[in-house]
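*Asks:* So the sequence shown is numbered by the numbering used here: it starts at 12 and just counts up by one. For glycine and all other residues, C-beta sits at the position ideal for the given N, C-alpha and C. Note that this is a predicted model, so its numbers are computed, not measured.
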Amino acid sequence: MNRLSRAEVAARAAEVLRGNDRGLHTVAAPRLYPHMWSWDAAFIAVGLARMSASRALTELETLFAAQWGNGMVPHIVFSANAPLYEPGPDRWASKETSPHAPDHAATSGLIQPPVHALALRRILDAARSSDAAGRRDVIARIRILWPKLLTWHRYLAEHRDADGRGLLMIYHGWESGMDNSPRWDTPYADVVPEPGFRPFRRSDLAALGEQSQRPTDADYVKYQWLIEELRQARYDDELARKSLSFRVADVFASAIFAAANEDLARVADELGLGATDELLGYAERFRRGVLGTTDEDGFAADVDLRTDTALRTKTIAGFAALLSGGLDAERRRRLVDLLLSPAWCGNPDLAYPLPPSTSPEAPEFDAARYWRGPQWPPMNLLIIWGLERSGEHDAAERLREVALYQLTDGVFAEYYEPFTAHPLGSRPQSWSAAVALDLVGG
Ligand code: 2M8
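1. Taking only three categories from DSSP, how would you classify residue 231?
2. When DSSP labels each residue in this structure, what does residue 390 get in the three-state scheme?
3. Heavy atom of the ligand 2M8 less than 6 Å from the Cβ of residue 188, yes or no?
4. Mind pulling the beta strand (DSSP E) runs of 3 or more residues that sit fully within the region 151-214?
5. Going by DSSP, what residue range makes up the alpha helix (DSSP H) through residue 73?
6. Report yes if the C-beta distance between residue 353 and residue 443 is below 7 Å; otherwise report no.
7. What is the residue span of the beta strand (DSSP E) that residue 320 lies within?
8. DSSP has residue 47 in a bridge; who is on the other side?
9. Should residue 261 and residue 316 be called a contact, given that it needs their Cβ atoms to be closer than 7 Å?
10. Using a threshold of 7 Å, state whether the C-beta atoms of residue 378 and residue 432 are closer than that.
11. When the Cα atoms are used, what is the spatial distance from residue 152 to residue 183?
12. Less than 7 Å between the C-beta atoms of residue 39 and residue 441, yes or no?
13. Can you check which of these residues, 370, 33, 421, is closest to residue 429 by C-alpha distance?
14. Cα separation between residue 33 and residue 342?
15. Can you say whether residue 230 is buried or exposed, counting buried as having 16 or more other CB atoms within 10 angstroms of its CB?
16. Out of 188, 207, 181, state which residue places its alpha-carbon closest to the alpha-carbon of residue 253.
17. Within the same chain, show all residues whose beta-carbon is closer than 6 Å to that of residue 137, passing over the 5 residues directly before and after it, in chain order.
18. Check this for me: beta carbons of residue 149 and residue 53, under 7 Å apart or not?
19. Can the beta-carbon of residue 400 be found closer than 7 Å to that of residue 452?
20. For the candidate residues 140, 234, 426, 393, whose alpha-carbon lies nearest to that of residue 97?
21. If you follow the beta strand (DSSP E) that residue 261 is in, where does it begin and where does it stop?
22. Could you give the first and the last residue of the continuous beta strand (DSSP E) run that contains residue 313?
23. Ignoring anything shorter than 4 residues, give me the alpha helix (DSSP H) runs that lie fully in the region 361-413, in order along the chain.
24. Within this structure, are the beta carbons of residue 435 and residue 385 separated by less than 7 Å?
25. Express the C-alpha separation of residue 438 and residue 314 in angstroms, rounding to a whole number.
26. According to the Cβ coordinates, are residue 236 and residue 211 closer than 7 Å?
27. Below 6 Å CB to CB, which residues in the same chain sit around residue 390 once its five sequence neighbours on both sides are set aside?
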């Protein structure tokens, strides 16, 4: 296979992002995901920040323009005249169903992990190397956007962690971003659609033309049914947290949230925007929440809130504590050793020593199927950031090199088969290109 140089990979990645740019937003992928996704937008902004801090900020501004009245940031913002994607705006019926949904934008009614503040901090850092006028413009716009991120964080702290345990509650596997991960197999076993429920047509299979890399039909019926349940609960958190048949504490999103609160506080501090104590308080609360689920190796667990039981699956989410921070030095060492061990990046059969989404030693591991085994570029980036935040710079640097090398195939696939390095899923996927830009740096 021909490999691109660092400069070539950056140029190709920039070209991909330009090709997927629709003016004020970037589609997650042109055919499979022809709209804006919340955490994709954050990763895309991180990549764009390497090209233009101003354009990167536009990405977040567009996403937050669709924020709901209660502070929720929807996981999809639909574009007009895009190729078919199901569930589309009619299925969600958010405007007709919730008083909080905005009038001016068609959106879904779920959330995704709150990576946005990590992106905002990187945009502010990037703005420092802009010329004076560019820097002033970006900083003025960050001042306008920042309160919206604060409202988003307040929504998550108040409505998705109502009892203050420091873990975010999700109502759907899609809210984790890791849709069909084995993390959710146990809770999904209790999701049973009503007899007579008619699922919609799957657009993903037609767009991809490959069933073995996507969730199964049985999974999809449940995904659709949960949307129906959420709609019946009128997207009301009070009702949803009592009635939904999927209610789980997502430890990985909680760790991201801990880090995001620190970054939002840092932006606030640098620009004199206030609320830093509140944000650092959330960071501490969620750090404790994550740590409370860890085992003797520092490996974290989700919690099934319907039964209050820990879900101890061997997925990448177990490394949450790298992002949240707070492990003592000995357990942090053990967690990094585990990450580099044959159960994970050190598996001798891997094409590249990068973390697979599920451990190859787990019984649920499936090398080609979506979140059940493949390696995902944005996950590599999160683990790298986690290692950096934890002061594990050598391990971070090694992973950074390999993660970039994987992307020098120039395909920017959505995910990669871990043993063959075969590009899988949609391509070119915007977040993979964005991750490449960030890894190249500069
Ligand atoms: C995937 O999720 C969407 C539903 O939200 C789908 O399968 O249609 C996930 O990989 C998710 O993490 C990602 O944000 C989204 C767009 O890339 O695709």
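*Replies:* Short version:
1. helix
2. helix
3. yes
4. 179-181
5. From DSSP, the alpha helix (DSSP H) with residue 73 extends over 64-76.
6. Residue 353 places its beta carbon 7 Å or farther from that of residue 443.
7. Per DSSP, residue 320 belongs to the beta strand (DSSP E) from 320-322.
8. 88
9. no
10. no
11. 33 Å
12. Yes, the Cβ-Cβ distance between residue 39 and residue 441 is below 7 Å.
13. 370
14. 45 Å
15. buried
16. 181
17. 60, 64
18. No.
19. no
20. 234
21. 259-261
22. 313-315
23. 388-400
24. yes
25. 33 Å
26. No, these two residues do not count as a Cβ contact at 7 Å.
27. 327
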